[in-house]
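Participant:
In my numbering, the protein residues as written are 2 to 179.
#1: Within 10 angstroms of the Cβ of residue 125, are there 16 or more other Cβ atoms? Answer buried if so, exposed if not.
#2: Check the DSSP bridge columns for residue 9 and list the partner residues they point to.
#3: Does the distance from the CB of residue 104 to the CB of residue 61 come in under 8 Å?
#4: Should residue 96 be labelled buried (16 or more other beta-carbon atoms within 10 Å of its own) or exposed?
#5: By Cβ distance, which residues of its chain are closer than 8 Å to residue 82, with the 5 residues on each side in sequence left out?
#6: Between which two residues does the alpha helix (DSSP H) holding residue 145 run?
#7: Do you know offhand how far residue 154's Cα is from residue 147's?
#8: If you reduce the DSSP assignment to three classes, tell me which class residue 108 lands in.
#9: Name the residue from 107, 27, 168 whose alpha carbon lies nearest to the alpha carbon of residue 79.
#10: In whole angstroms, give me the CA-to-CA distance for residue 178 and residue 171.
#11: Check whether the Cβ atoms of residue 12 and residue 38 sit closer than 8 Å, and answer yes or no.
#12: Quick check on the burial criterion: 16 or more other C-beta atoms within 10 angstroms. Buried or exposed for residue 63?
#13: Starting from the Cα of residue 76, find the closest Cα among 145, 59, 115 and give me that residue.
#14: Residue 123 to residue 163, Cα distance in whole Å?
#15: Residues bridged to residue 98 by DSSP?
#16: Alpha carbon to alpha carbon, how far is residue 22 from residue 4? Give it in angstroms, no decimals.
#17: Got a sec? Which residues, its chain only, sit under 8 Å from residue 15 by beta carbon, not counting five neighbours each side?
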């Protein structure tokens with residue numbers, strides 16, 4: 002669950018801090034109130050293409066940070082472990098800094114990471130729904146993940162064991178072919 006969102010120097014935003022409640026959160030307001038800019042900041046954090054034009058005029062960098070609170074998810078834990086990132090089983094902090102110089106920085110729990118990793122992890126954290134927006138339900142590569150989430154605890158354990166053994170098999174196959 003998205004807990005807090007910090008946005009600085011993004012488009013027309015100087016400094017924005019939002020806290021979200023547990024459950025469904027809906028952004029509403031009149032046209033021009035800034036809803037799309039907030040969604041744009043989230044999309045930028047989650048890996049959409051960065052452009053220097055989104056940095057507020059007169060500033061050197063835009064900064065977006067989101068904290069997530071969740072019960073441990075095996076997929077996220079696996080990705081963090083593979084990247085060597087310290088895992089807090091209850092929270093996760095994603096940060097993206099877009100600089101005019103073009104040297105952008107992404108962090109997970111304060112550790113520098115490639116944007117690709119944030120994209121992978123965010124696919125398990127958020128699904129933004131709106132008119133003509135991306136929806137994971139339409140992404141066929143996500144369908145198995147949805148079904149896997151419906152497995153009972155024992156099924157999830159068996160799936161994790163199978164994935165672990167498959168990873169071992171891949172390593173052995175790689176060694177054999179070298």
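Ideal Cβ placement from N, Cα and C applies to all residues, glycine included.
Facilitator: So, from the listed chains and residues:
#1: Looking up residue 125 in the chain shown gives position 124. By the neighbour-count rule (16 or more Cβ atoms within 10 Å), residue 125 is buried.
#2: Along the chain shown, read from residue 1 onward, the residue named residue 9 stands at position 8. Bridge partners of residue 9: 16, 64.
#3: As a working note, residue 104 is residue 103 in the chain shown. As a working note, residue 61 is residue 60 in the chain shown. No.
#4: As a first step, residue 96 must be located in the chain shown, where it is residue number 95. Burial state of residue 96 is buried, judged by a 10 Å Cβ sphere holding 16 or more other Cβ atoms.
#5: To locate residue 82, count along the chain shown from 1; it is residue 81. Taken in chain order, the residues that qualify are 88.
#6: As a working mapping, residue 145 is identified with position 144 in the chain shown. Boundaries of the alpha helix (DSSP H) around residue 145: 144 to 150.
#7: Taking the first residue of the chain shown as position 1, residue 154 is located at position 153. Taking the first residue of the chain shown as position 1, residue 147 is located at position 146. Take the alpha-carbon of residue 154 and the one of residue 147: they are about 15 Å apart.
#8: In the chain shown, the residue the question calls residue 108 occupies position 107. DSSP places residue 108 within a strand segment (E or B) once states are collapsed to three.
#9: Taking the first residue of the chain shown as position 1, residue 79 is located at position 78. Nearest option by C-alpha distance: 168.
#10: Taking the first residue of the chain shown as position 1, residue 178 is located at position 177. Taking the first residue of the chain shown as position 1, residue 171 is located at position 170. About 11 Å.
#11: As a working mapping, residue 12 is identified with position 11 in the chain shown. As a working mapping, residue 38 is identified with position 37 in the chain shown. Going by C-beta atoms, residue 12 is nearer than 8 Å to residue 38.
#12: By one-based count along the chain shown, residue 63 stands at place 62. Classification for residue 63: buried.
#13: Numbered from its first residue, the chain shown carries residue 76 at position 75. Considering only alpha carbons, the answer is 145.
#14: For the purposes of this step, residue 123 is taken as residue 122 along the chain shown, with counting starting at 1. For the purposes of this step, residue 163 is taken as residue 162 along the chain shown, with counting starting at 1. One C-alpha to the other measures close to 24 Å.
#15: The sequence position of residue 98 within the chain shown is 97, counting from 1. 64, 106.
#16: The count along the chain shown starts at 1 and reaches residue 4 at position 3. The count along the chain shown starts at 1 and reaches residue 22 at position 21. Distance between the alpha carbons of residue 4 and residue 22 is about 7 Å.
#17: Residue mapping note: residue 15 aligns to position 14 of the chain shown, counting from 1. Closer than 8 Å at the Cβ level, and outside the excluded window around residue 15, lie 9, 57.
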